[in-house]
Amino acid sequence: MSVLLRFLSYLFHPIFIPLMGTALYFIVSPRNFTLPLIKGVLLQIVILSICIPFVFFFLLKNMGLIRSIFLRDVQERKIPVLANMILMLMIIYRVIPSVFSPPLFYFFVGIIITMSITYLFILFRFKASMHMMGIGGLVVFLIGLSLHYQINISLMIACFVLASGAVATSRLYLRAHTKTELVIGLLIGTIPQLATFIFWL
185 MSVLLRFLSY
195 LFHPIFIPLM
205 GTALYFIVSP
215 RNFTLPLIKG
225 VLLQIVILSI
235 CIPFVFFFLL
245 KNMGLIRSIF
255 LRDVQERKIP
265 VLANMILMLM
275 IIYRVIPSVF
285 SPPLFYFFVG
295 IIITMSITYL
305 FILFRFKASM
315 HMMGIGGLVV
325 FLIGLSLHYQ
335 INISLMIACF
345 VLASGAVATS
355 RLYLRAHTKT
365 ELVIGLLIGT
375 IPQLATFIFW
385 L
């Protein structure tokens, strides 16, 4: 059980959520995107949301500014969160502008809003769960896609809802967060995604 819960913490680490959301969008969307275009977008998302943050993480770790990829200390989160916001801005301006795909564009807008709120909480030394922000926002995005395209993806949504419960259990088991931090993280992740619905639903 311990191994499984740790695995879930890695699998649904917030650094992977932008890629998951983008991949799921291409899977769910009825629009006919060419394979080269899909590969190009996904590659750029991987570089900007995963590869660069990993390199930046090791740089910060070598400088002694952070100790773990999970950023357990609230003060360790300041620089990574700001850097992530900049990378998300690069994605919406260079990779997926609104004319390319409004749903995907506003998914990333929601992520940026979530990161902004997270930074404000960091200033007040509150460590909201970024795992719950990520998977909570992803679930809301899937619900939005289901409504927008009028498609039945209930099973997929149910699986991710179950995954969000498993992630919450994992974070509690590993004593990474309190119940309050998990709930606040979930709200910070879901509300911005819900707010963007008015622009693309």
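If you count the sequence shown from 1, position 128 lands on 312 in the numbering used here, and the numbers rise without skipping. We put the beta carbon where it would ideally sit given N, CA and C, even for glycine.
For residue i and residue j, what's the separation of their Cα atoms in angstroms?
i    : j    : result
T218 : L326 : 22 Å
P220 : F289 : 19 Å
R355 : N246 : 26 Å
Q259 : L203 : 26 Å
V324 : Q377 : 6 Å
P286 : H361 : 34 Å
V279 : I222 : 11 Å
S193 : L232 : 21 Å
Do residue i and residue j have their C-beta atoms within less than 7 Å of each other?
i    : j    : result
I306 : M272 : no
I276 : F292 : yes
G328 : F381 : yes
I201 : L322 : yes
L214 : Y357 : What sits at residue 214 in the sequence shown is Pro, not Leu. Taking 7 Å as the Cβ cut-off, P214 and Y357 do not qualify as a contacting pair.
I234 : I199 : yes
Quick one: does residue i have its CB under 7 Å from some CB of chain D?
i    : result
T302 : In the displayed structure, chain D is absent; only one protein chain is listed.
Below 8 Å, how does it come out for the region 354 to 371 and the region 313 to 328: are there three or more Cβ pairs, yes or no?
Contact holds: three or more Cβ-Cβ distances are below 8 Å.
The region 346 to 363 touching the region 291 to 302, judged by at least three CB pairs closer than 8 Å:
With a cut-off of 8 Å, the region 291 to 302 and the region 346 to 363 do not count as touching, because too few Cβ pairs lie within range.
Contiguous alpha helix (DSSP H) assignments of at least 4 residues, all confined to the region 251 to 308:
Here the runs fully enclosed are 262 to 274, 286 to 307.
Decide if the region 218 to 227 is in contact with the region 265 to 278; the criterion is three or more beta carbon pairs, one per stretch, under 8 Å apart.
No, they do not touch.
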